[in-house]
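Have a look at the structure below, then the notes.
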Amino acid sequence: MRILVAMSGGVDSSVVAATLKQEGHEVIGATLQLYDHGQAVSKPGACCAGRDILDARAVADRLDIPHYVIDAEERFRSSVMASFADSYARGETPVPCVACNQGVKFTDLLSMARDLGCEAMATGHYVRRVEGEGRAELHRPADLSRDQSWFLFATTQDQLDYLRFPLGDMPNKEAVRQKAQEFGLAIAAKPDSQDICFVPSGTYASVVEKLRPETNGAGEIVDETGRVLGQHEGIARYTVGQSKRLGDIHTKDGRRQIVKRIDATTRRIIVGPKESAGRIEFALRDMNWLIEPLLEGVRCHVQIRAREVSREAWVYPLADGAKVVLDEPAMPAPGQACVLYQGSRVLGGGFILS
Amino acid sequence: MTVYLDANATEILRDGAMAAMLDAVRLTGNPSSVHGPGREARRLLEAARETIGRFWNAGPEQVVFTSGGTEANALAIHAFGEGRRLLIGATEHDAVRMASPDHEVLPVLSDGSLCLQALETALQRGGPALVCAMAANNETGILHPIETVRMLCTRYGALLHVDAVQLAGRHVEGEARLTVEGLTSLAISGHKAGGIKGAGALVLGAEGHVAPMLRGGGQERGRRGGTQALPAIASMAAAFELAAAQDWAPIAALRDRVDEAALSCGAIITGGGDRPRLPNTTSLILHGVSAQTQLMMLDLAGYAVSTGSACSSGKVTASHVLQAMGLDDDAACAIRVSLPWNATESQIDGFILAYRDMAGRLGKKAA
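Note that the protein sequences, when read in sequence, are chains A and B. Here the first sequence is numbered in this note's numbering, starting from 3 and rising by one per residue. Here the second sequence is numbered in this note's numbering, starting from 122 and rising by one per residue.
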């Protein structure tokens, strides 16, 4: 069948393209240009910088498949980078990769694939798509250390039906690199991409401050009674549940302190002792369901950060979202995703409300 | 089998140009050498120079060979722009725009032709000036009124460089043949006329010294250093002779058929199609459908067309030419169809079917 492969120029999506081509499909490669490489700092390993586009093109040439570079800069700026900064300005900790998968990749590129008469679109994500009863299911991959299902929770059922994730069953990254080598792809040893692709070397706060200058600037670090404990250099540098960048305030009266809340309007970081900080209950917005709509509570595991074990919980549907009730308290950070699992299957998820 | 409709990117090689190239490739000599093989190579080089010059009503001493159109344009701006205001048309090719970062932009009208009033106003402001105007636009095929531009430049004592890369070798029905008389210089390229890639020329309005960009061994009478690419130059000369002898009316008729079919599918011809245009070129806007998607669909259907502006990564962006003509969103929705010198009726029949199919599927969705 005719199938479009979203090629980032990295090992994973290159192996996907090569594998599908070997299986006899008519493969079309597409690479998204998400931001101006010249403006961002050169950062090999990050997704879709200039270097990566050339790599994707070289792989496509090697495989003898058509390859196109899609200009998604404006859309990426408005739908991903701007909301990333807006979210920080509200005192949240956003997940831009979810917005990117949801919008630029699985809406725009996918609709282009349909226009081109493709029967499916494939990516190099590490998740499994399982043919369920009637419709496709989204599952964690075989290699749990590469699991990207948390980032893909917002994939709609229609999108999932159309998508293919050929790497979901690969045992590990080494096996993927091995395949790249067998296919003779020059990028077989290319380093993995890391962090947020449009943020050079982890300095996301400076990116946020450029887009939303009001987040730039000092503010107070206070305890829960409002007592000023110290100063900080911008709210975008803090995440609820963490104790990074608290300096001397890190420990108080022998107790470890963490960020409990970020008040964007007063620019205050509110800290408190770690053991008192947990919550049992919190709400989610913008739910996406990959199961039939719930009528009552469901027993499941929820994962509230990208790299964290999942926790047992009940989740109840609300008119405009969902309510999560954890068995044990935890520290959900507003703006992060909360993804619901039963076994390896993704049931759905939403964004954590403050 | 792909049908090639992107001649403005590069023409299909003409048989005679290939033969001329092969003859030149077999020669060992360097045209600058004083021995027999050198003389033999030089004879071929000078014959090509004469052919090219004659084409523009210029003597051989007025022809400076370069690596192509980009270098010829850059050399003109380098040599004649020094100490002058640079007045550059808004729809000029990047070969001109990027060669002169500090230029003043001359607007174009919505039909794509240079705004003569704006040109005159700019010239009246005085001071020595170099005007750069293209003979025919690479994306739309639309001609600038070079004869009037030339008269205005003469009246105000400004120099005029014409980028003739797209026009060279093609004849536009009802238009007088462009010559270098009255111009400061014009730039041409061999592969746009059916020669191989790798040679172009700056043809000077009058014999004279040109400050070189590459000094090197003083070739081209000290105006452009570096051993001449003889096979490409010989091929360029042959291509121009063949192109000049060609009847372009059948190509224009095929192009008109493309236009008619596109119009019937709801497309718009960029600039309206009323201004004189290159016989082989049309630019078609399908409102609301990105040029990128159109290009991909046609490519997958086996038809090679282009959008006017793809950067080196292959990314398609909104065209500066169309934006200069006052198009906003539609500037990212135009494809260029440029027929090669040997386009056939059955190729165009096939293209029209593919275009209809695409417009039917995508045009409706956008509407």
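In this text, a Cβ means the ideal position worked out from N, Cα and C, and glycines have one as well.
- Straight-line spacing of the CA atoms in Ala-140(B) and Ala-350(B) works out to 16 Å.
- Sorting Gly-311(B), Leu-375(B), Glu-167(B) by C-alpha distance to the C-alpha of Gln-468(B) places Leu-375(B) at the top.
- Between Pro-352(B) and Ile-317(B), the gap from beta carbon to beta carbon is short of 8 Å.
- By the Cβ rule, the segment 146–160 of chain A counts as touching the segment 96–112 of chain A, because three or more pairs are nearer than 8 Å.
- For the pair Tyr-164(A) and Ala-122(A), the CB atoms are nearer than the 8 Å cut-off.
- DSSP lists Leu-6(A), Leu-165(A) as the beta-bridge partner residues of Met-123(A).
- Residue contact with chain B for Leu-154(A): absent (no Cβ-Cβ distance below 8 Å to any residue of chain B).
- Looking from the CA of Leu-355(A), the closest CA among Ala-324(A), Ala-84(A), Glu-314(A) belongs to Ala-324(A).
- Listed in chain order, the positions of the segment 100–134 of chain A with a beta carbon within less than 7 Å of a beta carbon of chain B are Met-114, Asp-117, Leu-118.
- Under the three-state reduction of DSSP, Val-252(B) is assigned to strand.
- Residue-level contact check: Pro-68(A) touches chain B, since one or more beta carbons of chain B fall below 8 Å from its beta carbon.
- With distances taken between CA atoms, Val-300(A) lies nearest to Leu-328(A) out of Glu-310(A), Leu-231(A), Ile-306(A), Leu-328(A).
- Near chain B, meaning a CB-to-CB distance below 8 Å, the residues of the segment 70–93 of chain A are Tyr-70, Val-71, Ile-72, Asp-73.
- Chain order gives no chain A residues near Thr-123(B), where near means a beta carbon separation below 9 Å; the closest approach is about 11 Å.
- Here Asp-420(B) is not near Pro-334(A), since their CB atoms are 8 Å or more apart.
- The beta carbon of Val-426(B) does not come within 8 Å of any beta carbon belonging to chain A, so the residue lies off that interface.
- Between Thr-217(A) and Gly-232(A), the gap from beta carbon to beta carbon reaches 8 Å or more.
- Residue-level contact by beta carbon fails for Gln-349(B) and chain A, as no gap is shorter than 8 Å.
- When CB distances to chain A are screened at a threshold of 9 Å, not a single residue of the segment 372–404 of chain B falls below it.
- Taking C-beta atoms under 8 Å as the contact rule, Phe-78(A) and Val-129(A) fail to qualify, at a distance of about 22 Å.
- Bridge partners of Tyr-125(B) according to DSSP: Ala-425(B).
- Only residues of its own chain outside the window of five on either side were considered, and among them Met-446, Gly-447 have a CB closer than 6 Å to the CB of Ser-231(B), listed in chain order.
- In this structure, Ile-223(A) sits away from Ile-260(A), with a CB-CB distance that is not shorter than 8 Å.
- At a cut-off of 8 Å, the C-beta of Val-185(B) has no neighbouring C-beta in chain A.
- In the DSSP annotation of this structure, Ile-237(A) is not part of any alpha helix (DSSP H), being labelled neither H nor E.
- Boundaries of the beta strand (DSSP E) harbouring Ala-332(A): 323–332, taken from the DSSP string.
- Among the residues of chain A, those whose CB is under 9 Å from the CB of Gln-413(B) are Tyr-70, Val-71, Ile-72, Asp-73, Met-114, following chain order.
- By the criterion of at least three beta-carbon pairs nearer than 8 Å, the segment 177–188 of chain B is not in contact with the segment 211–225 of chain B.
- Contact check for Val-252(B) against Ala-216(B) fails: the beta carbons are separated by 8 Å or more.
- DSSP places Ile-209(B) in the uninterrupted beta strand (DSSP E) bounded by 206–210.
- For Thr-21(A), DSSP assigns no beta-bridge partner whatsoever.
- Below the 8 Å Cβ cutoff, chain A contributes Asp-117 as neighbours of Leu-483(B), in chain order.
- Less than 8 Å separates the beta-carbon of Ser-16(A) from that of Leu-187(A).
- Where Asn-178(B) is concerned, there is no enclosing beta strand (DSSP E), because DSSP gives it neither an H nor an E.
- Beyond the five residues adjoining it in sequence on each side, Ile-198(B) comes within less than 8 Å, by CB distance, of Leu-207, Val-217, Ala-220, Ser-221, Leu-251, Cys-253, His-282 in the same chain, given in chain order.
- Secondary structure in the segment 54–103 of chain A: the alpha helix (DSSP H) runs of 4 residues or longer, each lying completely within the stretch, are 75–78, 84–91, 98–102 in chain order.
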